[in-house]
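Undergrad: In my numbering, the protein residues as written are 6 to 370. Note that beta-carbon positions come from the ideal geometry of N, C-alpha and C, so glycine has one too.
#1: Around the C-beta of residue 358, are 16 or more other C-beta atoms found within 10 angstroms, so that it is buried, or is it exposed?
#2: Within 10 Å of its beta-carbon, does residue 213 have 16 or more other beta-carbons around it, so buried, or fewer, so exposed?
#3: Tell me whether the beta-carbon of residue 268 lies closer than 8 Å to the beta-carbon of residue 209.
#4: Over the uninterrupted beta strand (DSSP E) stretch that includes residue 204, give me the two end residues.
#5: Given this structure, state the Cα-to-Cα distance separating residue 190 from residue 233, to the nearest angstrom.
#6: Starting from residue 27, follow the beta strand (DSSP E) in both directions and report where the run begins and ends.
#7: Tell me, to the nearest whole angstrom, how far the beta carbon of residue 229 is from that of residue 176; I am working on the premise that it is less than 8 Å.
#8: Expressed to the nearest angstrom, what Euclidean distance is found between the alpha-carbon atoms of residue 55 and residue 192?
#9: Could you spell out where the beta strand (DSSP E) holding residue 104 opens and where it closes?
#10: For residue 16 and residue 24, which I take to be in contact (beta-carbon distance under 8 Å), what is that distance rounded to the nearest angstrom?
#11: Do residue 3 and residue 205 have their CB atoms nearer than 8 Å?
#12: Please report the residue range of the alpha helix (DSSP H) in which residue 178 lies.
#13: Quick one: complete alpha helix (DSSP H) runs, 4+ long, within the region 282–364?
#14: Name the two residues that bound the continuous beta strand (DSSP E) containing residue 130.
#15: If we call anything under 8 Å between Cβ atoms a contact, is residue 74 one with residue 109?
#16: Would residue 117 and residue 163 be called neighbours here (beta carbons separated by less than 8 Å)?
#17: May I ask you to report which of helix, strand or coil DSSP gives residue 164?
#18: Would you say residue 287 and residue 272 are within 8 Å of each other, going by their C-beta atoms?
#19: Can you tell me the Cα-Cα spacing of residue 139 and residue 184, whole angstroms?
#20: Considering only C-alpha positions, which residue in the set 92, 87 and 316 is nearest to residue 115?
#21: Please state whether DSSP places residue 37 in a helix, a strand or coil.
#22: Checking the sheet assignment: what are the DSSP bridge partners for residue 75?
#23: Mapping DSSP to helix, strand and coil, what is residue 85?
#24: Which one of 141, 135 and 105 has the shortest CA to CA distance from residue 126?
#25: Between which two residues does the alpha helix (DSSP H) carrying residue 65 extend?
#26: Return the first residue and the last residue of the alpha helix (DSSP H) that residue 137 is part of.
#27: Does residue 314 pass the burial test, meaning 16 or more other C-beta atoms within 10 Å, or should it be called exposed?
#28: Tell me whether residue 151 sits in a helix, a strand or coil according to DSSP, three-state version.
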């Protein structure tokens, strides 16, 4: 089913499982990216969910009929390789689609070969520049660029040897004042490495220092008028997929960290009902933190919903999530929405149109 079809089920009072579940196997990381929430020191590795419980929970989620998973972090998923690889095996055994986000620096050949054999669907590498100096400065670790490039090249090389189209390889790049001029060179790098797609994401404000990394209005104008068009032409030349059209719909990327009003703006003065919800993520895409907390979306924390002592099903259909959904319908957004991903705003509008179309079709004689 498509996202709007899940939402249509909820509209019809038919509770649905999530379309996708985001999993954080660990918050441990070998890098120190300057824009990461890790800098706040909020994670306690001792609180992480044991392997056995993770496996039980993912099995339960698969039994609910979830067909999409995103393995991410928090931290670097391959810092817990035994667990992460086992979860990936489970996901593919259950014929679900899997995506993994990694910094790409600690991969081993045997892991790559296993994922190709599994026909894992997508690998996204967090790469933020095309040159070692800038990348290493952004990740806080000297040599991180060369390690990531080596492993990305190994992925492409082994895929070619195995004559496999999977996993697709993508680069995801966090836009900031140090790399916004370098996006075309990242496209060139992607072509050289055999990368299939590029995603540019506006900055999320995870710590106070991030404010210094936001593009100014002048820089934003330069990016959209001069730099992004060059990157688009290169992507077209090399047949590299990208999210640039979605990015262009976000008109004020300098508003990162203060977008709560932007989320609500599209439904202001409209009837407060499910169709006019400012956000649909709590009905679609929950996240399970490394410490077991289940959040209704990627941004809003819920401490009392934890897979260590409750089933995922109980949490997803339970009191806390349902009360949270009711608040969203009433446009009562929590403070964490200030730091949501800017590109999610046009996505919500797209979902709103799609569900309205489904409702119209259902009403036809």
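TA: Based on what the coordinates show:
#1: exposed
#2: exposed
#3: no
#4: 202–206
#5: 11 Å
#6: 26–28
#7: Between residue 176 and residue 229 the Cβ distance is about 20 Å, and since that is not below 8 Å, they are no contact.
#8: 39 Å
#9: 102–107
#10: So it is not a contact: roughly 14 Å between Cβ atoms.
#11: A question about residue 3 goes unanswered here, because the residues of the chain that appear run from 6 up to 370.
#12: No alpha helix (DSSP H) holds residue 178; the beta strand (DSSP E) holding it covers 173–179.
#13: 317–321 and 324–334
#14: 127–131
#15: no
#16: yes
#17: helix
#18: no
#19: 8 Å
#20: 87
#21: coil
#22: 27 and 104
#23: coil
#24: 105
#25: 56–68
#26: 137–144
#27: exposed
#28: helix
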